[in-house]
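Number of protein chains: 2
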Amino acid sequence: MKWTKEARYRTYESMTLAEQKKLELSVSASPWRQHYHIQPMYGLLNDPNGFVWYNGRYYLFYQWFPFGAVHGMKHWFQTESADLVNWENKGVAIKPDYSFESHGIYSGSGIVHNNLLYLFYTANKRDEEWNRLASQCLVIMDKTGRMTKQATPIIKSQPEGYTEHFRDPKVWREKDNFYMVVGGQREDLTGCVLLYQSHDLKQWSWQGEVKTKERNFGFMWECPDYFELQNHGILLFSPQGIHSKGDSFQNIYQSGAFVGKPLNIANGHFDHCDFQEIDAGFDFYAPQTTVSPDGRRLLVGWMGLPDIEYPTDSEGWAHCLTLPRELSIEGNVLYQKPIRELKEKRKNEVSAKLELSDSVENLGTLSGNSFEMICEVEIGSAQRAGLKLRVGEGEETLLYLDHGVKKVVLDRTKTGTPFAQEYGTIRQKHYQKNKVRFQIFIDISSIEVFVNDGEIVFTSRLFPKIESQGIQFFAEKGSAKIEAIQWKYE
Amino acid sequence: MKWTKEARYRTYESMTLAEQKKLELSVSASPWRQHYHIQPMYGLLNDPNGFVWYNGRYYLFYQWFPFGAVHGMKHWFQTESADLVNWENKGVAIKPDYSFESHGIYSGSGIVHNNLLYLFYTANKRDEEWNRLASQCLVIMDKTGRMTKQATPIIKSQPEGYTEHFRDPKVWREKDNFYMVVGGQREDLTGCVLLYQSHDLKQWSWQGEVKTKERNFGFMWECPDYFELQNHGILLFSPQGIHSKGDSFQNIYQSGAFVGKPLNIANGHFDHCDFQEIDAGFDFYAPQTTVSPDGRRLLVGWMGLPDIEYPTDSEGWAHCLTLPRELSIEGNVLYQKPIRELKEKRKNEVSAKLELSDSVENLGTLSGNSFEMICEVEIGSAQRAGLKLRVGEGEETLLYLDHGVKKVVLDRTKTGTPFAQEYGTIRQKHYQKNKVRFQIFIDISSIEVFVNDGEIVFTSRLFPKIESQGIQFFAEKGSAKIEAIQWKYE
């Protein structure tokens with residue numbers, strides 16, 4: 001299929017039933033459809049948007065191009081859940097209607113005010129010379145689900161001194177004021193975050209930049225999200241153009257946070273520590289947070305990256321969202337734990353306790369392609385010890401401790417159908433103590449590993465054969481102790 | 001909406017999701033959607049097709065134009081049922097693929113042979129001057145539901161001496177041979193039935209006409225169906241161009257049967273009684289029969305007629321099928337009884353027993369817009385006695401005995417939204433004995449009345465308000481006894 005401009009810039013409503021059926025058939029033949037992650041019916045999913053608790057349910061929208069696994073006319077697709085575990089597809093929530101949004105409804109956020117859900121998004125337009133025009137817009141949803149879109153943008157364009165890379169509004173409330181951060185780019189092509197203020201969510205005034213200590217940190221900061229947690233101010237964003245450095249910044253684009261003192265909202269000054277990458281895996285971008293009714297700060301990310309080809313692209317669909325995670329701060333480090341609601345999926349428990357000495361153990365009781373597993377690896381004299389997951393003919397995904405360098409390693413070199421190999425096939429992070437706890441979520445084509453209760457997280461897509469379901473434990477050149485509990489998902 | 005040729009001759013696959021949504025919204029707002037009859041999701045339903053027991057289920061297809069309530073590009077829509085009561089929509093089964101069927105997949109029938117379902121249909125094509133070209137075609141379905149369409153027609157055109165009005169193949173087996181009747185029109189513009197024979201269901205040879213005693217009986221015979229029942233030969237068909245006569249042939253087009261001796265298949269000679277109309281109601285056409293696994297001859301008809309405007313047309317949908325009926329012969333009369341499977345719907349029984357004397361009784365316990373009712377009316381000295389159904393503000397549908405002329409009368413003069421009034425608003429038939437039994441099926445916008453165990457049947461659409469649910473019993477100028485049992489459907 002040739003993705004001409006005409007083919008990419010169509011609204012979902014113009015899809016014919018023949019096109020729909022073809023996509024459905026193609027997707028239904030995919031061996032890589034997830035069992036318990038949010039994924040598109042067909043087409044391409046990217047950033048999570050408008051994640052919010054409203055009217056007794058969680059709303060979680062995502063960027064969606066319906067016609068195939070490319071980036072084109074973006075819509076907001078709506079999902080809902082009462083429990084953060086079981087999500088219901090609700091169809092397209094926001095689609096291009098007006099001229100100012102003729103080339104896509106881009107990312108944004110939601111906030112509840114006066115019993116209404118205010119959804120802020122970036123309207124993307126291209127003029128005849130294909131110049132981009134970006135504005136920030138508002139649609140208001142009521143409890144019946146009716147959407148009332150503002151007929152003009154609430155912020156018509158970027159401020160002077162900034163380029164048209166002006167997107168991804170995130171709104172929060174502080175006392176009687178509302179604030180918005182928007183991802184931006186200065187005219188010198190460095191990334192930054194722009195700050196707006198409003199009394200009513202409709203009239204917005206520019207406050208200047210969020211003044212961070214990083215004046216030259218990539219060319220664009222996407223998807224900013226500011227919130228406070230345990231008396232810290234946290235600015236989450238997805239910078240583009242950061243060079244890799246040691247084990248960090250290995251992916252094409254990054255996402256992470258400045259953790260600091262609460263933002264000085266009067267002058268935009270933000271006093272913070274160095275940028276910390278939020279995920280150590282291969283496929284993570286554009287996270288967004290919200291607050292649960294009981295006050296937890298929850299995060300969902302896109303389990304994918306722009307400008308990378310994925311094995312499902314040829315099947316007419318791409319990507320999924322991560323599991324929701326609960327954030328916390330320890331020291332100045334942002335921790336992510338899987339939400340406690342996921343425990344409701346724990347049935348069919350099996351466990352194992354092993355002492356390994358330069359050996360590989362294959363326990364028949366532990367296997368699968370859709371499960372949660374908690375595994376503690378205590379490395380003794382071994383040089384390497386850990387797990388092989390999704391083991392099958394010529395396939396394995398390794399998660400282990402490398403004693404010599406004291407690193408946790410996720411190795412997808414032999415994981416299955418290869419992709420994005422130009423960005424390497426190993427991700428690793430330092431660990432401290434010789435006993436490391438892994439909480440692992442495997443789905444048909446993904447892995448999420450929470451190391452030491454969320455100090456490090458590895459989030460990655462994997463594309464092994466569906467029958468590659470083996471789990472092995474190993475210790476090389478010495479001994480190690482491993483304990484594991486597994487809950488297979490039905 | 002303007003129904004240009006271009007708008008009428010599109011395949012379902014070319015429907016956009018926006019068009020689909022608009023139709024769905026329009027149909028969902030209709031007050032006349034049926035509760036327990038087969039009806040289209042949207043668009044126009046007409047003839048039942050391919051009614052057959054296969055692979056442990058009943059298959060029942062129907063003619064479908066998806067885009068609105070007009071006749072245009074016809075598809076076969078597929079429904080399935082294990083019990084003849086609960087039907088499942090299965091989507092489009094046959095759509096135009098080849099040039100010879102470029103203007104519609106017209107009516108036909110099914111027969112099971114060697115564990116395969118052979119479906120015969122008429123391919124309709126228009127050339128550039130809009131001349132019609134009709135051929136008979138075959139698609140074979142296997143037990144997995146896969147359809148294999150023959151790439152060329154099995155009968156390329158009508159025989160010499162006949163016009164292009166050549167359609168609606170019905171196939172049956174007799175010993176080692178297969179036979180097909182096709183509706184036809186002689187070049188002198190009189191209707192007839194053409195007979196074909198085959199050994200393998202693929203190669204067909206013309207045998208001449210079915211030689212009936214009616215040489216000049218309307219201009220076209222549609223939907224022929226030949227079968228044998230209780231040692232009689234029965235040729236069911238839908239003649240067009242029959243003038244009304246007494247109480248008969250009141251509708252725009254007719255359907256009925258010649259009941260006779262078994263067809264002499266060697267020479268096509270068919271010795272039969274006069275044509276008998278199969279239904280005395282307002283809305284019935286194009287019936288088709290099949291045989292159940294236990295040997296019953298079952299019939300389903302289209303509860304509608306061509307060339308008539310219906311109140312739902314403006315809602316983007318039209319028509320439904322009748323309930324399935326079991327046929328039998330008493331004397332030389334074709335009886336139709338509701339299939340016994342419908343008794344499974346009998347819950348919530350209420351009954352009444354009344355002696356009326358020039359009065360109207362309104363029993364609160366009996367009411368509804370979706371029910372079955374058995375009612376015996378014994379007319380005494382009354383001039384008229386019977387029922388008023390779907391009674392509401394200014395609305396009523398009458399079913400009564402007219403003692404003076406000894407006729408059963410169905411009167412929809414005040415039934416609700418009027419339509420087809422140019423064909424009259426009363427239908428009536430003679431009865432013999434003064435005690436008459438009615439078995440009545442009311443759905444949201446229809447009535448089917450089986451009189452005296454199926455000797456007479458009245459099938460009609462009704463378009464009253466949904467809240468017109470009253471039932472009244474009446475006797476005028478004298479006395480009558482009425483007993484009724486009602487089962488309201490949930």
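Those protein sequence lines, which keep their order, are chains A and B.
Numbering follows UniProt numbering, in which position 151 of the first sequence is assigned residue number 151; successive positions increment by one, without gaps.
Numbering follows UniProt numbering, in which position 488 of the second sequence is assigned residue number 488; successive positions increment by one, without gaps.
Ideal Cβ placement from N, Cα and C applies to all residues, glycine included.
For residue i, does the three-state DSSP call read helix, strand or coil?
| i | result |
| --- | --- |
| residue 12/B | helix |
| residue 484/A | strand |
| residue 421/B | helix |
| residue 30/A | coil |
| residue 151/B | coil |
| residue 495/B | Outside the modelled stretch of chain B, which goes from 1 to 490, sits residue 495/B, for which no answer is possible. |
| residue 132/A | strand |
| residue 99/A | helix |
| residue 412/B | coil |
| residue 39/A | coil |
| residue 472/B | strand |
| residue 247/B | coil |
| residue 387/A | strand |
| residue 83/B | coil |
| residue 340/A | helix |
| residue 201/A | coil |
| residue 407/B | strand |
Distance check for residue j and residue i, CA to CA, integer angstroms please.
| i | j | result |
| --- | --- | --- |
| residue 47/B | residue 279/B | 15 Å |
| residue 36/A | residue 307/B | 52 Å |
| residue 448/A | residue 74/A | 27 Å |
| residue 479/A | residue 361/A | 13 Å |
| residue 184/B | residue 160/B | 12 Å |
| residue 164/A | residue 132/A | 6 Å |
| residue 443/B | residue 34/B | 6 Å |
| residue 468/A | residue 182/B | 57 Å |
| residue 212/A | residue 220/A | 14 Å |
| residue 493/A | residue 268/A | The shown model of chain A, from 1 to 490, leaves out residue 493/A, and the question about it has no answer. |
| residue 94/B | residue 152/B | 15 Å |
| residue 317/A | residue 282/B | 51 Å |
| residue 337/A | residue 446/A | 17 Å |
| residue 434/A | residue 409/A | 14 Å |
| residue 217/A | residue 454/A | 26 Å |
| residue 400/B | residue 387/B | 6 Å |
| residue 171/B | residue 49/A | 58 Å |
| residue 351/A | residue 473/A | 13 Å |
Taking residue i as the reference, which of the options has the closest Cα?
| i | options | result |
| --- | --- | --- |
| residue 239/B | 215/B, 455/B, 357/B, 261/B | 215/B |
| residue 335/B | 98/B, 101/B, 457/B | 457/B |
| residue 223/A | 211/A, 192/A, 251/A, 231/A | 192/A |
| residue 103/A | 126/A, 117/A, 122/A, 82/A | 126/A |
| residue 42/B | 63/B, 49/B, 50/B | 63/B |
| residue 67/B | 455/B, 226/B, 10/B, 158/B | 10/B |
| residue 289/A | 281/A, 345/A, 229/A | 229/A |
| residue 24/A | 13/A, 40/A, 14/A, 34/A | 40/A |
| residue 143/A | 469/A, 58/A, 368/A | 58/A |
| residue 428/A | 422/A, 309/A, 441/A, 398/A | 398/A |
| residue 150/B | 100/B, 89/B, 445/B, 69/B | 100/B |
| residue 200/B | 231/B, 112/B, 186/B | 112/B |
| residue 124/A | 18/A, 134/A, 351/A, 115/A | 134/A |
| residue 121/B | 30/B, 32/B, 210/B, 156/B | 156/B |
| residue 117/B | 139/B, 77/B, 105/B | 139/B |
| residue 176/B | 158/B, 87/B, 198/B | 198/B |
Which residues in chain A have a C-beta closer than 9 Å to the C-beta of residue i? List them in chain order.
| i | result |
| --- | --- |
| residue 18/B | 11, 12, 13, 14, 15 |
Can you name the residues that DSSP bridges to residue i?
| i | result |
| --- | --- |
| residue 76/A | 63/A, 94/A |
| residue 53/A | 58/A |
| residue 358/B | Its beta-bridge partners do not exist; DSSP assigns none. |
| residue 170/A | 181/A |
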